[in-house]
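Scroll down for the structure; my scribbles are underneath it.
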Ligand code: HEC
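Numbering (the numbering used here), first residue to last: 499 to 624.
Given below as structure tokens:
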């Protein structure tokens, strides 16, 4: 990274941080749950269902004939860090690859969009 880029990056991070501090709502939940709901419906509901209940079966997949998409209604208990890792890189807390067909979303959605989805997942208590 060139020095000027680095400075610009540092400045934008500082600006984000200042914005988060300025707005109490943003400081609590980094993401925007309303945006996250839309992103979830478009990208995640096909496997994890609109309700987040999961259960879609992947039949004779390479991993296990019985693999189902897990429910996501309880994921609010996981840390944001773990959820970000699961969503962006499809890796779990032990840094093992989650079973296919869970995609790694890095490159398809931004980190900010993943934060929005996480904010939405936090609303799915059931
Ligand atoms: C093509 C199907 C599919 C799509 C689309 C998909 N997932 Fe998954 N997801 C899975 C499967 C299958 C697993 C379980 C993997 C495992 O058990 O190792 C999983 C696991 C997860 C986990 C880990 C759950 C836990 O309790 O450990 C999270 C979080 C998750 N998905 C979020 C998402 C989000 C957010 C999206 C949309 C951006 C998404 N998934 C899209 C199939 C999918």
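Yeah, the Cβ is synthetic: ideal placement off N, Cα and C, and Gly gets one too.
Rounded C-alpha distance that separates residue i from residue j
i, j, result
"residue 551", "residue 587", "22 Å"
"residue 602", "residue 621", "23 Å"
"residue 564", "residue 556", "7 Å"
"residue 570", "residue 546", "7 Å"
"residue 623", "residue 568", "15 Å"
"residue 576", "residue 540", "23 Å"
"residue 582", "residue 544", "19 Å"
"residue 585", "residue 574", "14 Å"
"residue 549", "residue 596", "21 Å"
"residue 533", "residue 578", "17 Å"
"residue 542", "residue 592", "23 Å"
Buried/exposed call for residue i, threshold 16 Cβ in 10 Å
i, result
"residue 614", "buried"
"residue 553", "exposed"
"residue 625", "This structure leaves residue 625 out entirely; the chain is present only between 499 and 624."
"residue 611", "buried"
"residue 605", "exposed"
Residue i - DSSP class collapsed to helix/strand/coil
i, result
"residue 589", "strand"
"residue 606", "coil"
"residue 572", "coil"
"residue 555", "strand"
beta-carbon residue i near the ligand ZN non-hydrogen atom, thresh 7 Å
i, result
"residue 620", "Among the ligands in the structure shown, the ligand ZN does not appear; only the ligand HEC can be found there."
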